[in-house]
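Let me begin by presenting the structure, written as structure tokens, before commenting on it.
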Amino acid sequence: MGDEDWEAEIIKPHVSSYVPVFEKDKYSSGSNGDTFNRTSASSSDAGESNKRENTPTVGSFGVGKGFGNRGFSNNKFEEGDSSGFWKESTNDCEDNQTRNRGFSKRGGYQDGNDSEASGPSRRGGRGSFRGCRGGFGLGRPSNEYDQDEGTQRAGSLFGSRRPALSGTGNGDTYQSRSGSGSGRGGYKGLNEEVITGSGKNSWKSEAEGGESGDIQGPKVTYIPPPPPEDEDSIFAHYQTGINFDKYDTILVEVSGHDAPPAILTFEEANLCQTLNNNIAKAGYTKLTPVQKYSIPIILAGRDLMACAQTGSGKTAAFLLPILAHMMRDGITASRFKELQEPECIIVAPTRELINQIYLEARKFSFGTCVRAVVIYGGTQLGHSIRQIVQGCNILCATPGRLMDIIGKEKIGLKQVKYLVLDEADRMLDMGFGPEMKKLISCPGMPSKEQRQTLLFSATFPEEIQRLAGEFLKSNYLFVAVGQVGGACRDVQQTILQVGQYSKREKLVEILRNIGDERTMVFVETKKKADFIATFLCQEKISTTSIHGDREQREREQALGDFRCGKCPVLVATSVAARGLDIENVQHVINFDLPSTIDEYVHRIGRTGRCGNTGRAISFFDPESDNHLAQPLVKVLSDAQQDVPAWLEEIAFSTYVPGFSGSTRGNVFASVDTRKNYQAKSTLNAAGFSSSSQAPNPVDDESWD
Ligand SMILES: Nc1ncnc2c1ncn2[C@@H]1O[C@H](COP(=O)(O)OP(=O)(O)OP(=O)(O)O)[C@@H](O)[C@H]1O
């Protein structure tokens, strides 16, 4: 069944009067049976505008006949439908969401009381559709701190696909504020943050165009609650698993010239006492392979591209040496400076991931003078700026928000010594690559010769490795722990052949067997995420969902409910595929397989982390997934998993000579793409050489 069919299914019987568990807590029945009044999920330090958003009486939700909180109101749906909602929805792939989701399909509440929101409702109304921009309210924010992402204002200027849509029926208005940002149209970044497609050319004008352009949309006012300050919470961690020591047996390949030797213990890293204390408090006693190799390389001031399996400690591998250097060299930015000039910028593709990295940075910098700050889309821009002006040495950011802040000249780049791209293959691909290029060519940004650039991921397709040359010094080192792009061996992978029409039944059967164990269920589209989450709730399986059409507040709530076990099932799109480190996720179910094998590897890597074991079950639909058969066979066999005979048959029958195994890049790339040209050594993670030097390399120049 294709997307079309899903849509048909969604429209018909399941759009009932059902309120999913994941929203029950947040909305209480309103004055008429058809509406829900929004209750506040306020943060303690909410500013003026946030208070407005938290006003408990705003908005009517189409829940009576609706679908979750998303405005899948029966009657509205049909009305919206004729306006092209469903046509829009056929492209409703998470990868295409970014900030273009202006008129999201969420059950927008009527925000008539909101004086600031330029009159009409600030949320996508019922029957509204996603992706529209333009036609926003034009009221200017009272001050720049209140402004939000430029993405919300530039809509109709830049690549707007549709004019503003006024929803029909019920007097609802459909001008959306779409929390996490709409507007800055054109080029859609994958998963999360934005790529502007503006016709403007310079980095600055684009950012400004987004921020301060004449056409303004409603503001995002969400201020995330501050993280807990007590030491126990800061250092809370989960235990390493029974397979943690097995990491030592994984082969590690280091390529490039003059790589410093690996270290075997934290002591060998010679970190300062405060860092060592923090490492101990975090429960780290032993280095993981990627840490053994990356820490000395970064301490030696070298650029690095590091590839290691999911859940194997890449975050600490870059944070610890950067912090060590910052402690050694001293820092310049302080809260007393007017212009904050961070020494380190870390970017990651999703909001939840960058927040997680920030929390790690805060943990390891605890008790030091280094201050980490996080900024990401879907939150009030003024809040981001206020965080920065209080002092910012390590800036953790999603690309869109980062470019907005740079465009507004709220940070200076001159002091940047470390630039880290986590999930680097994702950050350099078509979605974020252009934004990253803009970042490195921003005025003031030190050239690659003057900064240290660090790229980390569990997957590195060859073509992305080649693109990375632009970011890295030519003598960068490449560390590959195990097979590049390989799946974590601690995840037991099962592939089941399940046709579209049987998937739901199978899912329920599996979840009933699993019981209360934490499970992430991945689907391909945002719409389907809502649909499956609602369906599971109807089946009395406590479920929440995360995807790019949910407001940031909702996304964080969903993740929180999943983390604490309140909702043991999280239905997610690929927005949650990378990097998220959630304790006790024992199962990943690919209800839909992703379109690329790399995405598969990241998704299943949400379980089986840090030496713990996990299980991944994937529904393979021969109608739509045959292109993945070959790379799946490869990934399964590399990870020493059983390969079903039927899958091998499909792989064989779809065999294309010279096929590289992936729709985007070579899944079989096992090494540094430069490898034929340079010295390399292969060692196991304990640091012992298992092969000798390769022939002399050709000139470094040829790598670029
Ligand atoms: N040396 C260590 N000892 C104990 N725990 C560790 C160590 N290094 C990392 N961890 C923990 O392992 C978990 C996974 O680490 P991290 O999130 O950095 O993995 P990752 O390699 O970045 O994964 P992904 O590819 O999914 O992003 C985290 O909870 C982290 O605190």
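Basically our numbering = 1-based index in the sequence shown + 41. Note that the Cβ used here is the ideal one computed from N, Cα and C, for glycine as well.
The alpha helix (DSSP H) spanning residue 571 covers which residue range? 567-579
Just confirm the distance between the C-beta atoms of residue 473 and residue 390, as a whole number of angstroms; I'd bet it's less than 8 angstroms. 6 angstroms
Quick check for students: name the residue ranges of the alpha helix (DSSP H) that lie wholly in the stretch 554-642, counting only runs of 4 or more. 567-579, 593-604
Of all the options 397, 378, 626, 660, which has the alpha carbon lying nearest to the alpha carbon of residue 360? 397
Say yes only if the C-beta of residue 620 is nearer than 7 angstroms to one or more non-hydrogen atoms of ligand 1, and no if none qualify. yes
Closer than 7 angstroms to a non-hydrogen atom of ligand 1 - does that hold for the CB of residue 327? yes
Okay, do the stretch 476-485 and the stretch 435-447 touch, 3+ Cβ pairs below 8 angstroms being the bar? yes
Hey, how far is the Cα of residue 404 from the Cα of residue 688? 44 angstroms
According to DSSP, residue 345 sits in a beta bridge with which residue or residues? 495, 518
Shortest alpha-carbon distance to residue 668 belongs to which of 370, 644, 636, 686? 636
Taking the DSSP output, what are the residues bridged to residue 664? Answer by DSSP bridge pairing: none, since residue 664 is not bridged.
Note down, in chain order, each residue of its chain lying with its Cβ closer than 7 angstroms to the Cβ of residue 610, except the 5 sequence neighbours on either side. 552, 560, 562, 577, 582, 583, 584
Is it the case that the CB of residue 355 approaches a heavy atom of ligand 1 more closely than 7 angstroms? yes
Just to check my reading of the structure: residue 459 and residue 442 have Cβ atoms closer than 8 angstroms, yes? What is that Cβ distance to the nearest angstrom? 19 angstroms between Cβ atoms; not a contact.
Determine the burial state of residue 218: buried for a count of at least 16 other Cβ atoms within 10 Å of its Cβ, exposed for fewer. For residue 218, the predicted model reports a pLDDT of 32, less than 50, meaning its position is unreliable and no value from the coordinates is stated.
Would the beta-carbon of residue 278 be found less than 7 angstroms away from any heavy atom of ligand 1? yes
Could you check the C-alpha separation between residue 213 and residue 641 for me, to the nearest Å? Residue placement at residue 213 cannot be trusted, given a pLDDT of 29 that sits under 50; the coordinates are not used to answer.
Would you mind sorting residue 693 into buried or exposed? The rule is 16 or more other CB atoms within 10 Å of its CB. exposed
Span of the alpha helix (DSSP H) around residue 331: 330-340
Applying the criterion that 16 or more other CB atoms from any shown protein chain within 10 Å of the CB defines a buried residue, is residue 325 buried or exposed? buried
Locate the alpha helix (DSSP H) running through residue 296, then write down its first and last residues. That residue, residue 296, is in no alpha helix (DSSP H); its beta strand (DSSP E) goes 292-296.
Integer-rounded CB distance, given that residue 333 should sit under 8 angstroms from residue 305: 6 angstroms
Inspect the beta-carbon positions of residue 522 and residue 684 and report whether they are closer than 8 angstroms. no
May I ask whether a heavy atom of ligand 1 can be found less than 7 angstroms away from the beta carbon of residue 332? yes
Whose C-beta lies closer than 6 angstroms to the C-beta of residue 265 among residues of the same chain, with five residues either side of it excluded? 420
Is residue 295 closer than 8 angstroms to residue 387 when the C-beta atoms are compared? no
Can you give, in chain order, each stretch of the beta strand (DSSP E) that sits fully within the stretch 353-404 and has at least 3 residues? 385-388
Between residue 654 and ligand 1, is the CB less than 7 angstroms from at least one heavy atom? no
Residues in the same chain with beta-carbon distance under 7 angstroms from residue 245, minus the five sequence neighbours each way, listed in chain order, please. Only weak support exists for where residue 245 lies, its pLDDT of 34 falling under 50; the value from the coordinates is given anyway. Closer than 7 angstroms at the Cβ level, and outside the excluded window around residue 245, lie 448.
Quick check on the burial criterion: 16 or more other C-beta atoms within 10 angstroms. Buried or exposed for residue 435? buried
Taking a contact to mean a Cβ-Cβ separation below 8 angstroms, would you say residue 464 touches residue 596 in this structure? no
Other residues of its chain near residue 540: CB distance less than 6 angstroms, five sequence neighbours each side excluded: 662
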